[in-house]
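To start, the structure itself, in C-alpha cells.
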Amino acid sequence: MRKILSFILILFITISLINYIKKDTAPIYSNNLIPKEEMDTPLQTSITRTKRKDLGEIETIIEYGDYSSLAAHYPIFGIESIDSTIKDMVQGYINNFYREIENNTSNRKLKSELNIDFDMYITQDDIVSLKFSIMESMSYNAHPNTSIKTFVINLGKEEFISLDDIFKGEYLSMLSEIIINHFSDDEEYKEYIETDLFKEKLASAKENLDKFVVQENSIILFFEKYELFAGSFGEQEVEISYRDLKGYLKKELEDLVEEPSDSIVEENRTEKPKEIVEGETRIIDSEKPMVCLTFDDGPNEKTTIPILDTLKKHNSVGTFFVLGNRVSHNKEILERMIAEGSEVGNHTYNHKKLTSLSTKDVKWQIKSTQDAIDAIAISPKVMRPTYGAYDDTLKSTLDMPMILWSIDTLDWKYRDTNRVVKSILDNVTDGDIILMHDLYESTANAVEKVVPELIDRGFQLVTVSELYEARGKTLESGKTYNHVHKNR
Ligand code: ZN
C-alpha cells in the first residue's frame, strides 16, 4: 500500500514538474497581451537587439486610390490610453498624407505612397519600445521623405516613458558627449562631425535626442536622415550601454544594471511543427471547372479564422498572400492554413510598393517574409506584388512567379458583403483567380455565402499552385499570372 502511495506521489510530482517546465518553455508572447503573472516571471532570455512584433496585436490599414497607395501597421496593447495615442499618431500621418495629395494637383500621373511600419523592443520588466519608420513618397517629390517616431511604454504602469523618467542630472550633455565620441571614432563619419548640422543638433537639447528605444542593457538613440549628416548617410543609430551611463540613471535602472547579466541565452526559435495533420483529402479533377479564392494583407484573427472555417466546412481551400510583419502574431493561423491544404503566398513584409524600391530593398521585402513564414512550416512558392504594381525591373529582380487576378471584388473599397458576392457570382468562369482581402468582416461574410454557391455550380476551389498544376502549366519566376481561362 505504502509503495503504491509513494508511486502516486512521485507520479504527481513528475506531472507537476512537467507542467511547470512546459509552462516555462511555452512561447513567451502570444497574440494577445501577456497575462500579468507571466510578465513577472523572469524570462530566460536576455537578448540585446530584439526587434520583434509579437506583443499585443497588430493592426493594418491598407488603402489605395487613383492617386495614392497607403499601408500602415501599428500595435494594439488593449490599454486605451496607450493605444489611442499610437493610433492618433498614425492617423495624423494618414490625414496629412491625404491633405497633401489634395493640395498638390500637379503630377498626378504618379501615385503618392505612405508606409508606416514599426519595430518592437521588449525588456524583461514590462518595458516595450516602438520605433516607427514613416516613409512618404509624394508624386511631386524626387525622393521619399523618411521619418522616425518612437514610443517607450511601461505596460505594467500603463504609461509612456520619457528621457526624464530614465535619467537624472545633466544627462543631456552626457548623452551628447557619448554620441560625439561615437562618431569621432568612426572612420566614415569623423570628418563630418565639425559641421554646423551636427553641432547644432547635439546642443544638449532634449528635442534632438527624443527618438530612442530602451533595451535590457542599453538605450538606442535614432537620428533621421539629414538630422546629423548629409542625406546620403541615411539614418543613424547610436547604442549606449547603461554601464556607460552610470550615475545618470534613475534608481530602478541603476539596480537593473547592477545585476550580473550572465543569463544570456540564445533566442528561443520556435520549432517547426513536426507533424502536419492532413485535412480531408480533396481530389482535383482537371477536367472540371475550378477557381481560386485569394486573400491578401492578412492574416488577421477576426477575419481569417472565419474564412478558414468556411473553407474547411466545404472541404475547400484558398490562397493567402500574407504580410511578413503579421506572421509572428498569427503563427497558429498560418499553421492551420497549411494543415488544411490552403496555400500561403508572399505579399511582402510591410506592403511597400515594390516598383518604387531599390533592388536590394525588394529582395529584403521578399526574403524577410519568406523567412518569417518558413520559420513556421513552409517556404511560399508564389507571391503577389503589393497594389498589383510591377514593371520590367521587378520582373527581373524576383525569383518567384507573380500572381495577379482576373476578378477584383473591390472588397476593401466598399466593405459590402453583397457587393463582393455579386461581383464573384456574376462574373466567375473556369480558371479565374479572385482577389479579396482577409482584413474585413464583410469579406469573411461574403466567403461564407459564396463558397457553397460556387460548389453548387460545379466549381472546385483550389489553390493557385493547384490550378496551374491541374492545367499543366508551370509557374515561372518573374512572370505574371492572372487566370487559366480555357480556349482563349
Ligand atoms: Zn495588399
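The opening position of the sequence shown corresponds to residue 94 in this note's numbering, with each subsequent residue numbered one higher. No residue lacks a Cβ here, since even glycine has one placed at the ideal position from N, Cα and C.
{"Check": "Contact under 8 Å by Cβ, His422 with Asp389", "Outcome": "no"}
{"Check": "Asn575, enclosing beta strand (DSSP E) - first and last residue", "Outcome": "It is not in any beta strand (DSSP E) - Asn575 carries neither H nor E in the DSSP assignment."}
{"Check": "Span of the beta strand (DSSP E), counted from its first residue to its last, around Gly438", "Outcome": "Glu436 to Asn439"}
{"Check": "Asp389 in three-state terms, based on DSSP", "Outcome": "strand"}
{"Check": "Beta-carbon contacts of Thr403 that lie in its chain and below 6 Å, excluding the five residues immediately before and after", "Outcome": "Val540, Glu541 and Val544"}
{"Check": "Alpha-carbon spacing of Gly565 relative to Ile400, whole angstroms", "Outcome": "28 Å"}
{"Check": "Heavy atom of the ligand ZN within 7 Å of Asp390 beta-carbon", "Outcome": "yes"}
{"Check": "Sequence-distant residues of the same chain with beta carbon closer than 6 Å to Ile254, five excluded per side", "Outcome": "Val245 and Asn247"}
{"Check": "Heavy atom of the ligand ZN within 7 Å of His407 beta-carbon", "Outcome": "no"}
{"Check": "Near the ligand ZN: His166 beta-carbon under 7 Å from a heavy atom", "Outcome": "no"}
{"Check": "Separation of Ala165 from Lys446, as counted between CA atoms", "Outcome": "13 Å"}
{"Check": "Contact check, Tyr157 vs Tyr561, beta carbons under 8 Å", "Outcome": "no"}
{"Check": "beta-carbon Ile400 near the ligand ZN non-hydrogen atom, thresh 7 Å", "Outcome": "no"}
{"Check": "Option in Leu321, Met267, Leu256 and Ile259 with minimal Cα separation from Glu287", "Outcome": "Leu321"}
{"Check": "Beta-carbon contacts of Gln458 that lie in its chain and below 6 Å, excluding the five residues immediately before and after", "Outcome": "Thr441 and Tyr442"}
{"Check": "Touch test, the segment 222–233 against the segment 289–296, Cβ-Cβ under 8 Å, three pairs minimum", "Outcome": "no"}
{"Check": "Ser240 versus Ile209 - alpha carbon distance", "Outcome": "10 Å"}
{"Check": "Cβ-Cβ distance between Phe315 and Phe326 below 8 Å", "Outcome": "no"}
{"Check": "Which of helix, strand or coil DSSP assigns to Arg564", "Outcome": "coil"}
{"Check": "Of the listed residues Phe413, Ser334 and Ala482, nearest to Val555 (C-alpha basis)", "Outcome": "Phe413"}
{"Check": "Proximity below 8 Å, CB of Thr198 to CB of Phe225", "Outcome": "no"}
{"Check": "Reduced DSSP category for Ile286 - H, G, I as helix; E, B as strand; rest coil", "Outcome": "coil"}
{"Check": "Between the CA atoms of Val415 and Leu528 - distance to the nearest angstrom", "Outcome": "13 Å"}
{"Check": "Ranges of the beta strand (DSSP E) found wholly within the segment 189–234, counting only runs of at least 3", "Outcome": "205–215 and 220–230"}
{"Check": "Cβ-heavy atom distance, Thr536 to the ligand ZN, below 7 Å", "Outcome": "no"}
{"Check": "Cβ-heavy atom distance, Thr479 to the ligand ZN, below 7 Å", "Outcome": "yes"}
{"Check": "Beta-bridge partners of Ile187, as assigned by DSSP", "Outcome": "Beta-bridge pairing links Ile187 to no other residue."}
{"Check": "Enclosing alpha helix (DSSP H) for Ala164 [first to last residue]", "Outcome": "That residue, Ala164, is in no alpha helix (DSSP H); its beta strand (DSSP E) goes Ser161 to Ile169."}
{"Check": "Enclosing alpha helix (DSSP H) for Leu256 [first to last residue]", "Outcome": "Leu256 to Ile259"}
{"Check": "Own chain, CB closer than 7 Å to Ser162, minus 5 neighbours either side, in chain order", "Outcome": "Lys204, Glu206, Lys446 and Tyr480"}
{"Check": "Sub-8 Å separation of Met495 and Thr573 beta-carbons", "Outcome": "yes"}
{"Check": "Exposed unless 16 or more other CB atoms sit within 10 angstroms - verdict on Ser570", "Outcome": "exposed"}
{"Check": "Residue(s) in a DSSP beta bridge with Asp501", "Outcome": "Leu528"}
{"Check": "Spatial distance of Ala465 from Ile426 (CA atoms)", "Outcome": "13 Å"}
{"Check": "Ordered list of alpha helix (DSSP H) runs contained in the segment 406–479, each at least 4 residues", "Outcome": "424–432 and 452–467"}
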